[in-house]
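> Right, I'll just put the structure down here and ask away after.
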Amino acid sequence: MKDLKEYWRGVICRVINLIAENENRGTGIVSPDSIITETPPDPEMGDIAFPMFQFSKILKKSPKEIAEQCRILLESEHLTDKKAGTPEVSGAYLNIRLDRIRVTEEVLARIGKQADDYGRGNVLNNKRITIEFSCPNTNKPLHLGHLRNDAIGMSLSLILEASGALIRRVNLINDRGIHICKSMLAYKKFAGGSTPGTEGVKGDHFVGKYYVLYNEWADKDPEAEKEAREMLKKWEQGDSEIMELWKKMNGWTIEGIQKTYSATGVEFDQVYYESDTYKLGKEEVLKGLSKGVFYRDKDNSVWVDLTGEGLDKKVLLRSDGTSLYLTQDIGTAVQRYNDWPFDTLIYVVASEQNYHFKVLFKVLSLLGYTWADNLYHLAYGMVNLPEGKMKSREGRIVDADDLIEDLCKLALKEIAAKGRDSEISDLESTAGMIASGALNYYLLQVSPYKDMVFYPEESISFTGNTGPYLQYTGARISSLLRKYSGNKEKYSGGTLKPGLLAGKEEWEIVRMLADFPGVIENAAEQKNPSVIAVFLFELGKHFSRFYHDNPILHNKNRDLIATRMALAESVMQVLKNGLKLICVPFLEKM
RNA sequence: ACGUCCAUAGCUCAGCUGGAUAGAGCAACAGCCUUCUAAGCUGUGGGUCGCAGGUUCGAAUCCUGCUGGACGUGCCA
């Protein structure tokens with residue numbers, strides 16, 4: 063489809079230039095790049111549209127006349143390959159009607175051949191991309207905000223990979239700092255030696271409970287804050303008892319978070335820990351100091367002056383020599399580049415940190431790292447609740463595990479309500495995949511940079527524009543396929559005849575299938591998974607309609623069976639490949 | 001105060017580098033299960049694309065101003 067578009071773009075360019083020359087309006091006045099291509103609103107009008115408005119001024123005539131002149135010229139001069147399509151005039155547009163049979167044949171053949179690789183492209187041609195996402199703290203479990211981050215990061219990494227990039231998914235665990243000490247302190251005070259094991263609680267929730275307990279305690283006793291600071295000091299000095307507790311509690315949290323990751327399909331190639339990288343950050347700042355790009359204040363703190371860049375002055379090292387969030391991020395970036403030199407590093411971090419990343423990128427550039435120009439902050443918007451912003455302090459927070467559990471229960475209920483229990487061998491895992499499909503789709507159908515509102519009732523809905531709708535479409539085709547290959551004497555023996563798919567409905571589906579590689583390319587270029595989600599829903603709708611109106615297996619004509627089956631199978635393949643990119647599990651049965 | 005971003009149907013969101021009558025889901029209402037999974041399909045109603053200018057043959061899309069909202073401008077993360 064893309065090649066056909068390019069072909070016609072070239073042809074139209076030649077023809078316009080020819081007209082211009084013949085009428086002494088100049089030579090080579092338009093280039094192929096400047097020619098706009100579109101898709102007509104109705105397939106009956108053609109498949110590729112060239113609006114002629116832009117040439118009206120140059121050629122001093124109406125767009126309609128130009129379109130007509132183009133068409134006549136194309137026919138009389140035999141400037142085109144008949145098989146590539148036929149031009150038609152529609153108002154101010156020159157539309158190209160493609161050879162449906164030929165395109166259908168080619169597309170179905172290509173999908174069959176490329177199978178799981180169909181749609182993959184190479185625009186990013188082995189570009190090395192590191193992508194950072196998730197980045198949890200080790201003092202509490204994940205919430206809805208992390209889930210959006212995870213979904214965007216994971217999906218984007220897959221989309222870029224499908225566009226030919228070499229991808230390295232990295233996580234950064236925020237495992238040090240005062241907030242970690244707070245939960246440790248509360249644990250020491252109130253836990254009485256209990257563990258996630260003795261309490262039967264998931265590790266991250268167990269630790270999170272002590273963080274809450276700390277805050278309750280600190281609200282009435284100022285001593286708490288003091289003790290926490292003391293503990294942080296001890297931690298930085300490497301006090302063995304504190305270190306041991308720290309390791310133990312971090313272990314619990316990370317183990318718990320890992321379980322959440324596997325429920326939603328999140329994976330990393332490498333995990334970094336702030337406790338490892340903050341020292342390197344310190345060193346980098348001192349290097350910058352000796353280079354003279356930073357300066358030391360009289361209270362011993364180290365600063366960078368970015369007022370010339372339209373930013374502010376910023377502290378890089380505290381007066382007591384300890385490091386900050388920014389310091390640590392400097393070290394982490396350098397570490398990453400050394401570990402695996404990248405062409406681009408993408409940070410998937412909420413838009414509230416826009417300023418932070420502006421500063422970080424500038425600082426790295428001042429330190430002389432040329433790769434600092436290739437850092438990219440993918441700023442995604444907030445997830446809000448109908449009643450407003452999520453606030454953990456007021457208990458207005460959607461816990462990730464609770465949400466997933468609710469979705470699983472609901473999925474199980476749905477399966478039972480539809481009487482599908484007996485068909486499905488592993489109910490728990492199927493419900494889990496429906497839950498993660500619903501969740502990831504809900505979070506990814508919105509453009510990343512926009513804030514979104516999370517409606518609990520809507521997110522757990524399985525009808526309409528949802529992940530389960532797409533899973534259902536895939537499951538029905540899978541079911542058809544099982545019947546088809548399981549009853550050869552009844553259904554097989556026909557041959558694929560693309561001519562049987564020349565109807566409007568079928569053609570729209572074929573065109574979408576043909577567009578799929580371009581859709582992935584778009585999504586990669588825009589760094590926007592919702593492009594894939596929107597496309598798949600459209601495809602699902604078109605197929606469902608076709609499927610509803612046209613019997614596939616219940617036909618006397620074996621050729622028709624084989625042909626429609628081939629179409630269904632191609633839809634299934636594209637669905638499968640696309641769903642993978644937005645972290646919605648494909649299900650053969652549901 | 002300044003900076004960045006957002007504003008499309010009752011609600012949640014699409015709308016590609018400006019282009020043919022502005023779309024979907026949910027909710028509401030009305031239909032469709034002796035046939036391949038009704039988690040489905042069909043139909044109806046619902047819009048001054050925040051407001052006002054400008055650029056253009058042509059603007060939801062680009063520019064300016066205004067209004068409303070989010071976030072940020074910590075020796076927090």
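Per my numbering, the first sequence starts with residue 63, numbered consecutively. Positions of the beta carbon are idealized from the N, C-alpha and C atoms, including for glycine. Just so you know, these numbers come straight off a predicted model, no measurement behind them.
1. Label G372 either buried or exposed according to how many other C-beta atoms from any shown protein chain fall within 10 Å of its C-beta, with 16 as the threshold for buried.
2. Tell me which same chain residues have a C-beta within less than 7 angstroms of the C-beta of I97, skipping the five on either side of it?
3. Could you compute how far the alpha carbon of G153 sits from the alpha carbon of P102?
4. Leaving out five residues on either side along the sequence, give the residues of the same chain with a beta carbon under 8 angstroms from the beta carbon of I486.
5. For a quick check, are the C-beta atoms of E570 and H604 less than 7 angstroms apart?
6. Under three-state DSSP, which class holds T89?
7. Keeping to the same chain, check which residues put their C-beta closer than 6 angstroms to that of G640; ignore five residues upstream and five downstream.
8. Count the other C-beta atoms from every protein chain shown that fall within 10 angstroms of the C-beta of I173, then say buried if there are 16 or more, exposed otherwise.
9. Give the DSSP bridge partners of R149, in chain order.
10. Pick helix, strand or coil for W402, following the three-state DSSP scheme.
11. Would you kindly work out how many angstroms separate the C-alpha atoms of K119 and P125, rounded to a whole number?
12. What residue from T384, K453 and C243 has the CA that sits closest to K310's CA?
13. How big is the Cα-Cα spacing for V636 and S256?
14. Under three-state DSSP, which class holds R133?
15. Pick out whichever of L601, H610 and D577 has its Cα sitting closest to the Cα of I110.
16. Between the C-alpha atoms of H267 and L220, what's the straight-line distance to the nearest angstrom?
17. Quick check: F404 and R231, are their CB atoms within less than 7 angstroms of each other?
18. Indicate the three-state DSSP secondary structure (helix, strand or coil) for N549 in the structure shown.
19. What residues match up with L379 in a beta bridge as DSSP calls it?
20. In chain order, what residues of the same chain lie with their CB nearer than 6 angstroms to the CB of L622, ignoring the 5 residues before and after it?
21. Assuming A146 and L66 form a contact by the criterion Cβ under 8 angstroms, report the distance between their Cβ atoms to the nearest whole angstrom.
22. Touching or not, the stretch 530-543 and the stretch 354-370, by the rule of three or more beta carbon pairs under 8 angstroms?
23. Compute the Euclidean distance between the alpha carbons of M495 and M305, then round it to the nearest angstrom.
24. Would you list, in sequence order, the uninterrupted alpha helix (DSSP H) runs of no fewer than 4 residues that lie entirely inside the stretch 244-274?
25. On the DSSP bridge list, what partners appear for E306?
26. In the DSSP assignment, what are the bridge partners of F112?
27. If V445 sits next to L206, beta carbons under 8 angstroms apart, how far is it from one beta carbon to the other, in whole angstroms?
28. With distance defined between alpha-carbon atoms, name the residue in S427, R182, S225 and E85 nearest to E587.
29. Fully enclosed by the stretch 171-256, which alpha helix (DSSP H) runs are 4 residues long or longer?
30. Among the candidates T166, E68 and Q116, whose CA atom is the shortest distance from the CA of L575?
31. How is M311 classed by DSSP in three states: helix, strand or coil?
32. Taking 6 angstroms as the cut-off, is the beta-carbon of P102 closer than that to any non-hydrogen atom of the ligand GTP?
33. To which residues of the same chain is S632 closer than 6 angstroms at the C-beta, ignoring the five residues directly before and after it?
34. Under 8 angstroms by Cβ, that's how I've got I459 and A497 pegged, so tell me the actual separation to the nearest angstrom.
35. What are the complete beta strand (DSSP E) segments, minimum 3 residues, inside the stretch 406-451?
36. Can you find the residues in the same chain that come closer than 6 angstroms, C-beta to C-beta, to D367, ignoring five residues on each side of it along the sequence?
So, from the listed chains and residues:
1. exposed
2. R71, I74, C75 and F112
3. 12 angstroms
4. I477, T492, K651 and M652
5. yes
6. coil
7. I594 and L598
8. buried
9. Sequence check: residue 149 is Pro here, not Arg. P149 pairs with I158.
10. coil
11. 9 angstroms
12. C243
13. 50 angstroms
14. Correct three-state label for R133: helix.
15. D577
16. 30 angstroms
17. no
18. Of the three classes helix, strand and coil, the one that applies to N549 here is coil, per DSSP.
19. DSSP lists V364 and S385 as partners of L379.
20. Within the same chain, L622 has close Cβ partners L562.
21. 6 angstroms
22. Contact between the stretch 530-543 and the stretch 354-370 is not established, with fewer than three Cβ pairs separated by less than 8 angstroms.
23. Approximately 38 angstroms, taken between the alpha carbons.
24. 258-261
25. DSSP lists no partner for E306.
26. L156
27. 5 angstroms
28. S225
29. 206-224 and 240-252
30. T166
31. In the structure shown, M311 sits in a helix (DSSP, three-state: H, G or I).
32. Ligands are entirely absent from the displayed structure, and the ligand GTP is therefore not among its contents.
33. Excluding the 5 residues flanking it on each side, S632 has same chain C-beta neighbours closer than 6 angstroms at L170, I173 and L575, in chain order.
34. The Cβ separation is near 19 angstroms, so there is no contact.
35. 406-412 and 437-442
36. K375
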